[in-house]
Each structure stands twice: as structure tokens, then as C-alpha cells.
């Protein structure tokens, strides 16, 4: 029977996860946790612990309304649940040593986390309000930064470090040098120089005076802080001013007369990201307590051989040093995150992520999957009826898929290819392999528009191959959807094209053998796993038309084999791309008229659906009206955006596809998969607002036939260096892989992929760009460990297994999805 502590940990785990990921829905959380409290009551009843009834009642009350609360109230309720769990734990006796008993089966003892792990997990999951010096007020301030547990605080690393080892007297400071002084304020006032206001303050330390200036909007909060005789630490560059010395916009930190401890100066001082009402010295005191008390609880049982060969610090020392660097440290290496302490923690994040990936991949290899025919009459017939020959790259990828599906193990493969490289034909080849072997096949798309397009493309091929095909989307009527679901369950549908409706509980396949997931980065890992669960380990092919740089693919899809279509079909035309500015608008409209006069079609894309008070940007809704009335009154204009009903979007897209609409005004809802051969011009308004990969995807909506096509990037305002760099790259190349590398370098992995949508791991310290070498090292080491011990069952790896399962469960949301 489970112990009370076991049940409390099972309740606590999803609550902590919900707190860490406030953007995720908590559907099913309340009932699931309340079922655990029933188990808790039964265990307490056997131990006659009626004295704990008030605490259990408090816990049940907190859980009773989880799913009906607003996001802000929900957060408070979850925190109350954690307090109730902690109160219960405080009234439990320490667990007594287990009595010797009959030997357990090897698998059971292997799966049970070692005592060291249990203790570590409990300490690190402790809510921050129970840390010495925190309490309810400060914890609520820290929780605004998504810091909920002791572990969260340990990974809350300084954003930079200041070298305050050498505190000088004002008289001894040198002009042109960055210096740290401790001084009292003499007076402060706001002075006006023409229309500019400047806050000036004079400080002294007895050896001389220092004039400090702040410009722009700093005067308000600083005037309240700069009270006469208050003491401050000031760090900044010294410049000469009249007959004395000055600083402009220094780092400023108030200290009391009795604060001569070495936490805030005469050392390399950590500077953390602040939150309102919580200042640096408060954060430092809290972090000092957390590091001293809890850093020893962090487990990182990386094999000794790896630690020795890599020259790593122990993880405890790494956390101590990264928060409070030793006196002889190189502050530059700390500020660029290349210190030994940073490297150790970065490697730790990468290693346990890659270890989980290696376990997932190994798990797939150990499972039985459908054995499909590769080459055969149906696949040969499909390739014969195509109006073009496959490229060498397409043939290579089809052969890779054939090898995978014929081996009796479930395929897990990522297919990358640029816009227009011919991924759909490869995907259809994979679907046919399943159907020709007596299995069903499915392709899941992120939007109903894209699903409908896949359906139109595939339907004609299926008709010629005598395969039954159907579409299943959330926007279908209840009766139509039920009919399709019944046909799927009976096995009467060979190929199903759909959206998230494919993974709904009501959708059952009779014998799903192949699942293709299009635009993988728009689905979370859980959706990918849910589609796989619709069959008995079906083969899975995930596709993306957003080329992913090798570094990011290795991180996101380390458990998948990767195929790349690195060749475009012969005769594929590049899309000529040019930047135009607002002053060129008349020329741009004339270009649009010429394309329309040639019988072609035009996309015009805007960043907003409707007018925004906060953003001075053109929006699709108003501009569609303006263009139809004032600019192109002779041509039918349509509108598509994300707030429209699916039926309205589909009708507009159908009219555009038929040529009834000549200009389609849209938002980025048309970013992927829309195939209109007569569309020859893409105009992107406010192009400076879009990321590189998004611009490339939008550009890919034209140039889908032998008609010469172009893309106009309209820029309204002065742009940043990054924006100019993006626009220049778009003018220079149509190569999606080069564009992806540049976009990743400019924006970083989270923004590049869209962290919340993609399942990209939210590394707390590591960066897949900055720390590329460590990522490669960690991957090599992790996969070699699994090669030697596939399920980490060796006694020396028991702790390693417990830690990797814990890390994946709590932080990366991937446990139980492989």
C-alpha cells in the first residue's frame, strides 16, 4: 500500500507543474487529484490518524473548484494546495527504516527511486514561501517571475555580475574607468536644460564629491529613493565634471549604515532580474539562503567517467559559484556564461534532456510495429500517375521510409524540406505503404484550411488508386463527423485527413498503421503521442516546411531519425523579393494592377486582424475595405483571418482558389500550405514586424507554378538593425535552410519555434546557440550511456534513472508520451 508521503508527492507533482506552466489548461486536474485524496483518506484510516482530518479537509476544499477558476484565482488556489500538503507533511512522523522483507523482483527495485532521490525531490519541490526570509508577501512577488519552488530559485541565475571587489574612495577613482564607490547623498534636484529635465544628485564619502545624473524618465522613482544622508553603492564609469567627477546612469543600490556584510560589495556581486517591490539586496539574501540550504540537495548523478573526462565541477559547487562567484573569478567569463560553473549547469540540462531523448528512441526500437510492404504495385502505380518524376532527394527519402516500415519496429522520422520541395508526394508514398499492407493511414494538419488542401490534393490520387479517403475536422457538423468516425472505426476508410479531431476520444481507428503529422512545430509533443496511441505503435512521419537548423533539430527531435529533401524540382522558379518603403506605395499598387491585368492573383498580408490602439499598424479588416473601395474597385477582394469561423475561411479560400476572388487580404493564417497556382504576387505589409522564417513561409504561397512570381516587403517605419538584417536576407536568398539558420541566430530558439506551441524544452540556463558544443558533448555522452545500459537498470545507474525520469516529468512535459 502507498504511504501518505507517496500520495502527497503524487498530488504535489502536477500542482507544481500547473504553477510552472500557467498557459496550459488544467482540464481533468481537479477530479484526478480528488481521487488521490480518497486514497489518502483510506491510508490514514488504516493508521487511525483522525488528528489529520482538518488538514485533509483543507486539501479537499482547495481541490474542489480548480477547473472553474480564473487564471489569477487558480494560481492562488494551487498555492493553497501546496500549503495544505506542506502542513500535512509537517504532522507526519519521519519515515522509519524499512524492515527486511522478501527480495523484490529486479524490475520493481530498479524502478523505485533510491532514498537519496526521494529526499532530493522533496527538498527541491518545497514551495518558496517556506524558505527562510521569504514568507507570503515576497513569495507572491517571486511567483510573478514564475518562481514557485526551491528548485526554481536555484535555476534563477543572475542576469549579470558586477565587479565590486575593489571599492575605491571617490578621490582615488580614475576618469574613464568603471568604478565602485560607497557614498552618502548630499542633495538631489531636477534641473531643466531647455526642454530636457535631468535629475542631478551629489554624493560624498569624505574624500571627495561625485555628481550623478539621470536623464529621461528616471526622475520619478529615484527622487523618492535619494533621501539626504542615505548610503548607496554606485557602480559606473567616471567622467570629469566641472571641477569634480561624475557618473551618468550608474547602477545604484541603497544600503543601511550597518550593512557592511560582504554580500553586496567587496566581491563579484550577482545582479538578478528584479520584480516590483523586491530589490537586489533582498534577492541576494534569499538566494544566499537557498544556495547554502538547498544546493546540496541537487542530484546530478552523471557517471564519474564522464565528469572526470569533461573536467566538471560537482553540481553543488557549480550552483554555489554561479550565484556567488569565488573572489579570484574572471568576471568576464561569468558575464558571458562561459565560467566552469555555468558550463556545468548547462551541460547538466542538456545531458538529462538528451538522456531522455535516448531513452525514448531506445523505447521505440524495443517496441513491435506494423510490418509494411515497401515497394509494391500500388506505390509503383502512384509514382507512375504523377505528372512529374521524383527528384533524387525524394527517391532517397522514400527509400529511407521503406527501410523503416519493413523492419517490424515503429518508425519515428522527421521529414524536412523547403517550401515547394515536394514533401506531400513523399508523405503520400508513406500513406500508400500502409494502405497496400492492409492498414489505415492518417495525416494530421494544424488548421482546417491546410487539412482541406491536403484532402483536395490526396483525394484525386486516392480515387485513381481505389483507396477510400475522408476528411475529419472540428468544424464539421456533429452528424457528418459521427458518420466519418464510424466509418473509420469499421475500417472502411483507408486514408483520413484531419486536424486535432483525429486525436479526440471519440475517434477510433480499426488498424492505424501510418500517421503523418504536418507542420510538426505547430503541435505539442503530447498531440504527437496522442495520434500514435490511436494505433498499436503505428509508424510516425512528422513533416515541417519551416526548415529547422541542424542544432535545433538535434535538440527538439533527438529521438527521431531525420530525412531532408535538399533538392528542388527541376524548373522551380525563385521568387524575386524586394523591399519597398511607404513612399513607394503608388509604385507597389501599380505592380499589383499589372499582375491583375495579366489574369493573375495577389496576396496582401497584414500583421493585425483589426485596428489596435496600442499599435500603429495597418490591419486586414480596415484595409480590405479601403482597397476594395478606393484602390482596386474593379477587382473582387476577399478577406481571411484567424478570428473568422472555419466555414467563412474555407469559403473565402475556395473562392480565391476558383479565381472568383482576385486579391486576398489576409493575416498569417495563410502562412502554411495554401496552394494557389495563379497567385504570382505576395505583398507583406509591415514586413519589419515578422520573423525571417515567417516571411519565407508567406513568400512560399506564390511561385507554385511556372509563372514568374515576386514578393514585395513593405516597410512603414524606421527599422532596427535586426529588422534590416532580416529584410536583406530575404532579398538575397530563397534558401529556407539558410534563412532558418539566420532566423535562429537573430531570435533564439524559443521565439524561433514558438516555445509554447512547439514542445521545445524551456531550458532555464542553457542556450542551443551559445552552448552548441556542450549540446553535442551531452548528446554523445547520453546516447553512449543508453547504448551500454538501454533502460538504466544497472545498479550504478539506478539514481541516474530516477533523476532523468523526474526531470522529464516535471520540466519537459514529455514523460509518458514516448
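In this note's numbering, the protein residues as written are 403 to 1220. The C-beta atom is built at its ideal place from N, Cα and C for all residues, glycine as well.
Nonlocal neighbours in the same chain, by C-beta distance under 7 Å from residue i, ignoring five residues either side
{"i": "residue 1133", "result": "979, 980 and 981"}
{"i": "residue 974", "result": "822"}
{"i": "residue 832", "result": "803, 916, 918 and 943"}
{"i": "residue 1101", "result": "977, 979, 1084 and 1113"}
{"i": "residue 417", "result": "480, 483 and 484"}
Per DSSP, the bridge partner or partners of residue i
{"i": "residue 982", "result": "1116"}
{"i": "residue 1070", "result": "According to DSSP, which records beta bridges pairwise, residue 1070 is partnered with nothing at all."}
{"i": "residue 673", "result": "562"}
{"i": "residue 963", "result": "815"}
{"i": "residue 1275", "result": "An answer regarding residue 1275 cannot be provided, because it is not within the stretch 403 to 1220 covered by the chain."}
{"i": "residue 633", "result": "586 and 657"}
{"i": "residue 900", "result": "846 and 874"}
{"i": "residue 643", "result": "646"}
{"i": "residue 1040", "result": "1066"}
{"i": "residue 1021", "result": "1010"}
{"i": "residue 591", "result": "602"}
{"i": "residue 914", "result": "842"}
{"i": "residue 1081", "result": "1003"}
{"i": "residue 638", "result": "581"}
Spatial neighbours of residue i in its chain, beta-carbon cut-off 6 Å, leaving aside the 5 residues before and after
{"i": "residue 857", "result": "873 and 899"}
{"i": "residue 1192", "result": "764"}
{"i": "residue 942", "result": "814, 917 and 934"}
{"i": "residue 430", "result": "The pLDDT assigned to residue 430 is 46, lower than 50, so where the model puts this residue is not dependable; a value taken from the coordinates is nonetheless given after this. Nothing listed; no residue qualifies."}
{"i": "residue 580", "result": "639"}
{"i": "residue 1231", "result": "Because the chain spans 403 through 1220 in this model, residue 1231 falls outside it and cannot be assessed."}
{"i": "residue 727", "result": "670 and 736"}
{"i": "residue 1173", "result": "748"}
Cα-Cα separation, residue i to residue j
{"i": "residue 485", "j": "residue 913", "result": "47 Å"}
{"i": "residue 1161", "j": "residue 959", "result": "A caution first: residue 1161 carries a pLDDT of 46, below 50, which makes its placement in the model too unreliable to give a value."}
{"i": "residue 671", "j": "residue 642", "result": "26 Å"}
{"i": "residue 1205", "j": "residue 800", "result": "39 Å"}
{"i": "residue 500", "j": "residue 516", "result": "Unreliable placement is indicated for residue 500, whose pLDDT of 42 sits below 50; the coordinate value is still reported in the next sentence. Rounded to the nearest angstrom, the two C-alpha atoms are 13 Å apart."}
{"i": "residue 1015", "j": "residue 1009", "result": "Reliability of the predicted coordinates at residue 1015 is poor, the pLDDT of 47 falling under 50, and the value obtained from them is presented with this limitation in mind. Approximately 14 Å, taken between the alpha carbons."}
{"i": "residue 952", "j": "residue 720", "result": "29 Å"}
{"i": "residue 1209", "j": "residue 753", "result": "11 Å"}
{"i": "residue 702", "j": "residue 976", "result": "50 Å"}
{"i": "residue 798", "j": "residue 707", "result": "39 Å"}
{"i": "residue 770", "j": "residue 762", "result": "14 Å"}
{"i": "residue 637", "j": "residue 644", "result": "20 Å"}
{"i": "residue 844", "j": "residue 835", "result": "12 Å"}
{"i": "residue 710", "j": "residue 1187", "result": "15 Å"}
{"i": "residue 667", "j": "residue 825", "result": "59 Å"}
{"i": "residue 1026", "j": "residue 1106", "result": "24 Å"}
{"i": "residue 688", "j": "residue 542", "result": "14 Å"}
{"i": "residue 1179", "j": "residue 757", "result": "12 Å"}
{"i": "residue 405", "j": "residue 743", "result": "38 Å"}
{"i": "residue 487", "j": "residue 712", "result": "40 Å"}
{"i": "residue 1207", "j": "residue 601", "result": "54 Å"}
{"i": "residue 536", "j": "residue 635", "result": "24 Å"}
{"i": "residue 527", "j": "residue 1144", "result": "38 Å"}
{"i": "residue 1139", "j": "residue 1094", "result": "11 Å"}
{"i": "residue 572", "j": "residue 538", "result": "41 Å"}
Where the alpha helix (DSSP H) containing residue i begins and where it ends
{"i": "residue 1131", "result": "1123–1134"}
{"i": "residue 1184", "result": "1174–1190"}
{"i": "residue 1050", "result": "1048–1060"}
{"i": "residue 734", "result": "733–737"}
{"i": "residue 946", "result": "Not the alpha helix (DSSP H): residue 946 falls in the beta strand (DSSP E), residues 941–946."}
{"i": "residue 692", "result": "682–696"}
{"i": "residue 708", "result": "706–712"}
Where the beta strand (DSSP E) through residue i begins and ends
{"i": "residue 1007", "result": "1003–1007"}
{"i": "residue 997", "result": "From DSSP, residue 997 is part of no beta strand (DSSP E) but of the alpha helix (DSSP H) over 987–999."}
{"i": "residue 647", "result": "646–650"}
Cβ-heavy atom distance, residue i to the ligand SAH, below 8 Å
{"i": "residue 1024", "result": "Questions concerning the ligand SAH fall outside what the structure shown contains, since it holds no ligand whatsoever."}
Cut-off 8 Å between Cβ atoms - residues of its own chain near residue i, not counting five sequence neighbours on either side
{"i": "residue 1069", "result": "1007, 1008, 1009, 1010, 1011, 1022, 1042, 1043 and 1044"}
{"i": "residue 839", "result": "772, 773, 774, 775 and 915"}
{"i": "residue 1224", "result": "Here the chain comprises residues numbered 403 to 1220, so residue 1224 is not present and cannot be evaluated."}
**Message:** Report the start-end ranges of each alpha helix (DSSP H) in the segment 751–796 that is 4 residues or longer and not cut off at the edges.
**Reply:** Fully contained in the segment 751–796 are the following alpha helix (DSSP H) runs of length 4 or more, in chain order: 779–787.
**Item:** Segments of 3+ residues assigned as beta strand (DSSP E) that fall wholly inside the segment 514–588
**Value:** The segment 514–588 contains these whole beta strand (DSSP E) runs: 562–565.
**Minimum length 3: unbroken beta strand (DSSP E) runs contained in the segment 804–884** = Those beta strand (DSSP E) runs which fall completely within the segment 804–884 and span 3+ residues are 814–819, 842–846 and 871–874.
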